[in-house]
Amino acid sequence: MAAASEKTAILSENAILLNADFSDKESAILAAAQLLVDEGAIEPAYGKSMLAREKVANTWLGSGVVIPHGMVEDRNLVNRDAISVIQVPNGVDWQNGEKAKLIFAIAANSDGHIEILKRLTRLLSHPDALQKLETTGDKSAIMAALVENDDAPESEAADLQVTKEWVLDYPSGLHARPASIWVEFAKKSGQKILVRNGNSQADMTSLAGLLQLGGKNGDTLVFSTDAENGEELLGEAVLMARKITLSEKEAAEKAEVKPKKIYGFRPPSGKTGIDGLSASPGLSVGTIFILENGAGEVEDKPGKLSEDAARLENALGRTKDKMKAIVDDVTRRIGASDAAIFKAQATLLDDDNLISSACHLMAEGHGVAWSWNKAVEEAANALQHMDNPLLAARAVDLRDVGGRVLAEIDPLYAKGSFENIGEGAIIVAEDLTPSDTANLNPEKVHGLITASGGPTSHTAILARTLGIPALVAAGNKVFEAKNGESAIVDGYNGILYLSPTKEDVEAAQKQIVKLAEEREKEVAERAKPAKTTDGHIIDIAANINRPDQVAFALDEGAEGVGLMRTEFLFLESTETPDEETQYKVYRDMLSALGGKSLIIRALDIGGDKQVAHLDLPKEDNPFLGVRGARLLLRRKDLLVPQLRAIYRAAKEGGDPWIMFPMIMSVNEIKELKTLAEEIRKDLAAPVLKIGIMIEVPAAAIMADIFAPHVDFFSIGTNDLTQYTMAVDRQNPDLAAEADSLDPAVLRMVERTVSGAEKAGKWVGVCGGIAGDPFGAMLLSGLGVNELSMTPRDIATVKARLRAKSLADMRKLANKALQCETAEEVRALDEAKS
Ligand code: PEP
Ligand code: MG
Numbered sequence: 001m002a003a004a005s006e007k008t009a010i011l012s013e014n015a016i017l018l019n020a021d022f023s024d025k026e027s028a029i030l031a032a033a034q035l036l037v038d039e040g041a042i043e044p045a046y047g048k049s050m051l052a053r054e055k056v057a058n059t060w061l062g063s064g065v066v067i068p069h070g071m072v073e074d075r076n077l078v079n080r081d082a083i084s085v086i087q088v089p090n091g092v093d094w095q096n097g098e099k100a101k102l103i104f105a106i107a108a109n110s111d112g113h114i115e116i117l118k119r120l121t122r123l124l125s126h127p128d129a130l131q132k133l134e135t136t137g138d139k140s141a142i143m144a145a146l147v148e149n150d151d152a153p154e155s156e157a158a159d160l161q162v163t164k165e166w167v168l169d170y171p172s173g174l175h176a177r178p179a180s181i182w183v184e185f186a187k188k189s190g191q192k193i194l195v196r197n198g199n200s201q202a203d204m205t206s207l208a209g210l211l212q213l214g215g216k217n218g219d220t221l222v223f224s225t226d227a228e229n230g231e232e233l234l235g236e237a238v239l240m241a242r243k244i245t246l247s248e249k250e251a252a253e254k255a256e257v258k259p260k261k262i263y264g265f266r267p268p269s270g271k272t273g274i275d276g277l278s279a280s281p282g283l284s285v286g287t288i289f290i291l292e293n294g295a296g297e298v299e300d301k302p303g304k305l306s307e308d309a310a311r312l313e314n315a316l317g318r319t320k321d322k323m324k325a326i327v328d329d330v331t332r333r334i335g336a337s338d339a340a341i342f343k344a345q346a347t348l349l350d351d352d353n354l355i356s357s358a359c360h361l362m363a364e365g366h367g368v369a370w371s372w373n374k375a376v377e378e379a380a381n382a383l384q385h386m387d388n389p390l391l392a393a394r395a396v397d398l399r400d401v402g403g404r405v406l407a408e409i410d411p412l413y414a415k416g417s418f419e420n421i422g423e424g425a426i427i428v429a430e431d432l433t434p435s436d437t438a439n440l441n442p443e444k445v446h447g448l449i450t451a452s453g454g455p456t457s458h459t460a461i462l463a464r465t466l467g468i469p470a471l472v473a474a475g476n477k478v479f480e481a482k483n484g485e486s487a488i489v490d491g492y493n494g495i496l497y498l499s500p501t502k503e504d505v506e507a508a509q510k511q512i513v514k515l516a517e518e519r520e521k522e523v524a525e526r527a528k529p530a531k532t533t534d535g536h537i538i539d540i541a542a543n544i545n546r547p548d549q550v551a552f553a554l555d556e557g558a559e560g561v562g563l564m565r566t567e568f569l570f571l572e573s574t575e576t577p578d579e580e581t582q583y584k585v586y587r588d589m590l591s592a593l594g595g596k597s598l599i600i601r602a603l604d605i606g607g608d609k610q611v612a613h614l615d616l617p618k619e620d621n622p623f624l625g626v627r628g629a630r631l632l633l634r635r636k637d638l639l640v641p642q643l644r645a646i647y648r649a650a651k652e653g654g655d656p657w658i659m660f661p662m663i664m665s666v667n668e669i670k671e672l673k674t675l676a677e678e679i680r681k682d683l684a685a686p687v688l689k690i691g692i693m694i695e696v697p698a699a700a701i702m703a704d705i706f707a708p709h710v711d712f713f714s715i716g717t718n719d720l721t722q723y724t725m726a727v728d729r730q731n732p733d734l735a736a737e738a739d740s741l742d743p744a745v746l747r748m749v750e751r752t753v754s755g756a757e758k759a760g761k762w763v764g765v766c767g768g769i770a771g772d773p774f775g776a777m778l779l780s781g782l783g784v785n786e787l788s789m790t791p792r793d794i795a796t797v798k799a800r801l802r803a804k805s806l807a808d809m810r811k812l813a814n815k816a817l818q819c820e821t822a823e824e825v826r827a828l829d830e831a832k833s
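According to the UniProt record's numbering, the sequence shown holds residues 1 to 833 in order.
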């Protein structure tokens, strides 16, 4: 008996529920998960993971037996290997009308679940035993069945004529996913293939049989067959098995809980938090406020067509009026550039297709609210599935504005509001729309946490502008939070700590005060130059796009504009801005700058910046396609008016420089310069500095050859990183691999600077890493002359540069160039150690 209890330690009587009844599969799974939670074997969120798994792959094993388990990537929610058992004598619908009568919910790490599967699948070959278990009123019968089956003598295993051995190298063993691929292979071959592991043998077409082998990483498996082409067939079988190895290893790696490196605040209690992606920096303490999803199902209440059409029209009109008010409000509270999000949203309301498809549905006899919601959902889904991240992001905007109209049609569908929000709220939501975020009062809201979303979304951008610490993409674990629960948000590291101890809260508050004092000091000195302790000055400029942003940039300490992305004039307009319109913008920008330099980047369209009104052909790889200078050289109708507008503005004073994006050859530079000179002469305008962006490895490597042809370089580290690392800068899955501090990128910067130095040319950096305080130090150490960044980053960057000598930063940069990885480079940051 001692042996039996040892073997069943994975299953206790408390984790068995007999004679249960469920109306649906979801509640059955959640009940099974709850038993495991009560056993302390899993965290509560693992239940949701089990439901998610069921959506990806049904866990029906056969003969009324099901094995719900969670997703591989959620294994960190498993505390120990265990199973729970629920007996459902009447069965619960599981798949295609088949009913599950015995539910074995599995919580397992690594190989552990193979052993469990082995026990369970054995049961399948004992129909009598199974039947008894379906109705038994005795929990110990279930425990014993698992044990007795385990002790059953193994059947004699004999190989067929041709054999081939293979050492199983799947970190998680031969579990259901790879085994089902094996079954598919065997079925397709039409030949009998056996697989043996020690004394256990299975027909390769039987999933249960393969699982019963209990194959663990490192086990030697013997494939055998009597087929005529046996050698060849088994060769292919092993090849097929081997092909899965890589994805299995990747899945196992993903599942490994990698401890996150935490900088700055750490709770003294040692409490671990819920991880997300940092979307807006800052540390705060507050109280959880769960934002309900709002609308939910929209009921189809057919009405009179003429009345419904009038309701829709009125709702659209009211929404447009309200959107205008929102634009005014956001402009005042947050700024014109962020308000542009809502201007763009309002234009979605003029979409004829959207309105006519809603009317179409109403004419078919559906209610107005239902029809509008359906039309919006269909259009948003279509956008979401387009192969273009910008359009996909528009889906969020469309749903946002569509929801406003819906609330106007019927207030019943108004979204969960922030009206009841208390002081110090930490909002937890599935996702937040830009209007949710813009509506927030930063005085009251101390944090934003979303289960989905991305760090580059409009929502994240607004949170940063409002200065609210935020983390996104934290997964369903965020819903472990309860309304009113106290919490700490660490926006720097992207962590939410629930129910911190008194000590944790005190430590966080101390840190908040310290950070605020530091920030205050930095801000107070933001107008001073970035002069290192050994007297070297690094120019600090701002990346801004419109004249109305100049005053703010200068106030934040900018000494000029290092990057004006002129494509935004095109992106934010529904038509192509002509020469006159552009001229006025450049003139206003220069006059607002009062003699300070303005680097105007010529149109950089293409890649992630697609402008609908330019009607450019769709490309399979837009980042490697006709973008930047390549487009300008092909579309002189865009380039000429822009250059004319710049030179005309220059005639009225100021210090404009011209910069061309995405340059990769001397020929491009020569052609662009020739054209610019013709235009200048034609207008009798002053000579302007002409430079190029270094954004592709070809340009960085050829910097010494390019330098004599230009007046300056500005390194676009965003693109330079993407092209050096061959990582799409929009791909959230690869965000960690696209670090601009990777030594490979830093070496490109070094090569650019040394190429420029030979010809005595000036080098700036206007990519995102210029605004990262540690990045700014490294770039300065590598010898760049200017750093251009988002205005808000200026004070901190200046403070950081002023605290060091150039000599030390050079040493630091040299160390970074010798590092093996970006992580190693980041570890050189003393401020974070
Ligand atoms: C860059 O690539 O670093 C850059 C500044 O240009 P953009 O981000 O506009 O492509
Ligand atoms: Mg770029």
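Each residue gets a CB set at the ideal place from its N, CA and C atoms; glycine is no exception.
Closest Cα partner of residue i within the set the options
| i | options | result |
| --- | --- | --- |
| residue 450 | 484, 496 and 768 | 496 |
| residue 574 | 588, 610, 554 and 816 | 610 |
| residue 633 | 675, 144, 560 and 644 | 675 |
| residue 706 | 689, 678, 729 and 669 | 669 |
| residue 207 | 216, 181 and 189 | 181 |
| residue 486 | 37, 71 and 273 | 273 |
| residue 871 | 362, 514 and 320 | The first residue shown for the chain is 1 and the last is 833, placing residue 871 beyond what the model contains. |
| residue 745 | 803, 825 and 806 | 825 |
| residue 812 | 822, 799, 726 and 777 | 777 |
| residue 501 | 270, 143 and 301 | 270 |
| residue 480 | 520, 275 and 466 | 275 |
| residue 691 | 443, 531 and 710 | 710 |
| residue 645 | 580, 682 and 687 | 580 |
| residue 835 | 528, 102 and 25 | No information on residue 835 is available, as it lies outside the stretch 1 to 833 that the chain covers here. |
| residue 689 | 657, 282, 786 and 820 | 657 |
Same chain, Cβ closer than 6 Å to residue i, five either side skipped, listed in chain order
| i | result |
| --- | --- |
| residue 152 | Reliability fails at residue 152, whose pLDDT of 45 lies under 50, so the model's placement of it is uncertain and the value that follows must be treated cautiously. Within the same chain, residue 152 has no close Cβ partners at all. |
| residue 768 | 718 |
| residue 15 | 35, 39 and 84 |
| residue 289 | 421, 425 and 427 |
| residue 577 | 569 |
| residue 12 | none |
| residue 553 | 542, 544 and 791 |
| residue 616 | none |
| residue 354 | 375 and 379 |
Beta-carbon proximity of residue i to residue j, cut-off 7 Å
| i | j | result |
| --- | --- | --- |
| residue 693 | residue 661 | yes |
| residue 605 | residue 567 | yes |
| residue 626 | residue 592 | no |
| residue 171 | residue 249 | yes |
| residue 659 | residue 601 | yes |
| residue 191 | residue 227 | yes |
| residue 478 | residue 370 | no |
| residue 86 | residue 20 | yes |
Contact set for residue i: own chain, Cβ-Cβ below 8 Å, skip 5 residues either direction
| i | result |
| --- | --- |
| residue 814 | 781 |
| residue 234 | 162, 163, 164, 193, 223, 224 and 225 |
| residue 327 | 339, 342, 343 and 346 |
N- and C-terminal bounds of the beta strand (DSSP E) containing residue i
| i | result |
| --- | --- |
| residue 87 | 82–95 |
| residue 196 | 193–197 |
| residue 34 | Note, residue 34: premise wrong, no beta strand (DSSP E); alpha helix (DSSP H) at 25–38. |
| residue 62 | 60–62 |
Opening and closing residue of the alpha helix (DSSP H) in which residue i lies
| i | result |
| --- | --- |
| residue 278 | Looking at the DSSP string, residue 278 is not in any alpha helix (DSSP H); the run it does join, the beta strand (DSSP E), is 277–280. |
| residue 586 | 579–593 |
Close Cβ partners of residue i (< 7 Å) along its chain, the five nearest in sequence each way excluded
| i | result |
| --- | --- |
| residue 698 | 664 |
| residue 321 | none |
| residue 305 | 362 and 363 |
* Asked: With a cut-off of 8 Å, do at least 3 Cβ pairs link the segment 98–108 to the segment 65–80?
  -> yes
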